[in-house]
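Asks:
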Amino acid sequence: MRVMRACRELGIATVAVYSEADRSAVHVRTADEAYPIGPPAARESYLVIEKILDVAKRSGADAIHPGYGFLSEKAEFARACEAAGVIFIGPPADAIDAMGDKTRARAKMMAAGVPVVPGDNGPNGRGFPSAESALESARRIGLPVMLKASAGGGGKGMRLVDDEKKFVAAYQGAQREAKAAFGDDAVYLEKAVVRPRHVEIQVFGDTHGHVLYLFERDCSIQRRHQKVIEEAPSPAVSPELRERMGRVAVQAASAVGYVGAGTCEFLLAEDGAFYFLEMNTRLQVEHPVTELITQRDLVHLQIAVANGEPLPFKQEDLRVHGAAIECRVYAEDPLKFLPSPGRITALRTPSGPFVRDDSGVAEGSEISVFYDPMISKLVAWAPTRREAIDRMARALGEYRVGGIKTNLAFHRRVMKNAAFREGAYSTAFIEQQKAELLRPLEPDEGDERERAVDAVLAAAVIHALEAEPPPQAAGDGARAATERSAWQSGRTFNGDA
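Residue numbers are given in the working numbering: position 168 of the sequence shown equals residue 164, and the series is strictly consecutive.
1. Taking only the alpha-carbon atoms, compute the straight-line gap between CYS256 and ASP202 and give it to the nearest angstrom.
2. Between ALA71 and ASP93, what straight-line distance do the alpha-carbon atoms span, to the nearest angstrom?
3. Using the C-alpha atoms, what's the distance from ARG39 back to ASP368?
4. Which residue wins for smallest C-alpha separation from ARG408, given the options ALA420, SER68, ILE385, ALA134?
5. Between VAL285, ALA342, ARG191, which has its C-alpha nearest VAL351's C-alpha?
6. Does DSSP classify LYS70 as helix, strand or coil?
7. Give me, in chain order, the residues of the same chain whose beta-carbon lies closer than 8 Å to that of GLY179; leave out the 5 immediate sequence neighbours on both sides.
8. Check this for me: beta carbons of ILE494 and GLU212, under 8 Å apart or not?
9. Just the C-alpha distance for GLY149 and PRO111, rounded to the nearest angstrom, thanks.
10. When you compare only the Cα positions, how much space is there between ALA166 and LEU331?
11. CYS260 bridges to which residues according to DSSP?
12. Using the Cβ count rule (16 or more neighbours within 10 Å means buried), how would you classify ALA145?
13. Classify LYS161: buried if its beta carbon has 16 or more other beta carbons within 10 angstroms, exposed otherwise.
14. Report all residues from its chain with a CB closer than 6 Å to the CB of ALA228; omit the five preceding and five following residues, and keep chain order.
15. Among ILE426, VAL233, PRO306, PHE270, which one has its Cα closest to the Cα of HIS204?
16. Hey, would you say ALA74 sits closer than 8 Å to VAL252, going by beta carbons?
17. With the cut-off set at 8 Å, would you say VAL82 and ALA107 are in Cβ contact?
18. Give a yes or no on contact between the segment 289 to 299 and the segment 308 to 323, applying the rule of three or more CB pairs nearer than 8 Å.
19. Could you have a look at ASP116 and say whether DSSP puts it in helix, strand or coil?
20. Is DSSP giving ALA384 helix, strand or coil here?
21. Would you check if there are 3 or more beta carbon pairs closer than 8 Å linking the segment 270 to 279 to the segment 111 to 130?
22. Which residues in the same chain as HIS221 place their Cβ atom closer than 7 Å to its Cβ, once the five residues preceding and following it in sequence are excluded?
23. At the level of alpha carbons, what is the spacing between SER69 and ASP353?
In structure tokens form, the structure reads like this:
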């Protein structure tokens, strides 16, 4: 939906692909054309390169935007697009290759003079032959260490180990998870930085040799190594540190001939030292906070750069304007962080000045068990960080989702938390503040009360519908029959949807 909105603004027609599970998804109804590509399982639909390219050919598409997940960081997909004569809105395949494998990326960055966390990629640079050999290396580095999957990120295949007795089990668990997520069980080691912040730099390159940075985002508030709340700029980064980190990020991107939007992720230690973690060779989920503080549309820029245009500004043209915070609204238990799939029976999103809700759902949408349970990204901007927090708290208070559990209550608590409001947090924030953040919900905290109200309203609506069918019923039935026919034929035209 984020990409489609940008395309609409630029006068570009859009084509959606969808699995059977997403037949009624908002992006399918919004696109100018939509094509089915297979069963719900991603490996049979969204991850099948041939099916995506077949739709591009059938629809006459000029370009493919890979989004934030699935094939967005697959070099083979970028190469397949090029071979098919379709523009891949992303970096060159060689850049994806260079940064996609974490062990190779570490070696590449070290050669380019970029600071990295001390670690060991294994004897052949691609992991270790056994858990025992990895443990020997961990002893040399010194515990605690992080075990990380060589082939991926997003918290998959990652374990923190601070006890030798737990090392072998943790290593084997990391291998299993890496294999399941990325098809590769290679694992490497990094020295664990105690109480770091997770700070990332947005970079952008064009085909004319220009690479620049659009400042930083603080992504330290995470559960199970997955980001939950992000903000820009970071309350821990001074102007001088911002410039140093930005220069290093540009250095890293330039070392691999980067083009398009990308993110260099760093660990920021308490003493101000920072270390390269990895590069995400795509647009990040949390890009809206950068857009708000720079007043630049990153998807517009992606499309322009993919079309061969130079970046329309220089580094010295960029300024930090105010502060922005993003809360990822998930369909999940707000205390246990477990997915809560189901149908959204009621939805009321916040509005008001400088509040943005990037969403792909509507009332009636199904949160599937097959994909990430994100509902939306709620973003608030203000001239100061404190005002942005207060605005976000107000917006969260207006947000209502019926039919499923959400983590809205968790976000509301964070906005009230003293440590967060002071900017004094690290990647251990949730663990350190769990007594406050993860205590049982109170009856007046919103979700429980709203679910009760939603149940009454839903019953009233159902009663009204049963009493008097709407006059459009016959037309809706005809449309449903038309849509079934379109599904069977494998093509949907949405007209003015």
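Each residue gets a CB set at the ideal place from its N, CA and C atoms; glycine is no exception.
Since the model is a prediction, treat every value here as computed from it, not as a measurement.
Replies: Concretely, from the data shown:
1. The question names Cys, yet the displayed sequence has Gly at residue 256. The straight-line gap from Cα to Cα measures roughly 6 Å.
2. 6 Å
3. 14 Å
4. ILE385
5. VAL285
6. coil
7. ALA147
8. Nothing can be reported for residue 494: it is not among the residues displayed for the chain, which extend from -3 to 493.
9. 19 Å
10. 25 Å
11. Among the bridge pairs identified by DSSP, CYS260 is matched with ILE197, MET275.
12. buried
13. exposed
14. In chain order, ARG213, VAL285, THR286, ILE289, ALA320 place their CB closer than 6 Å to the CB of ALA228, counting only its own chain and leaving out the 5 sequence neighbours on each side.
15. PRO306
16. no
17. no
18. yes
19. strand
20. ALA384: helix per DSSP, three-state reduction.
21. Output reads yes: the segment 111 to 130 touches the segment 270 to 279.
22. GLY151, MET154
23. At residue 69 the sequence reads Glu, which differs from the Ser that was named. Cα to Cα, the separation comes out at about 25 Å.
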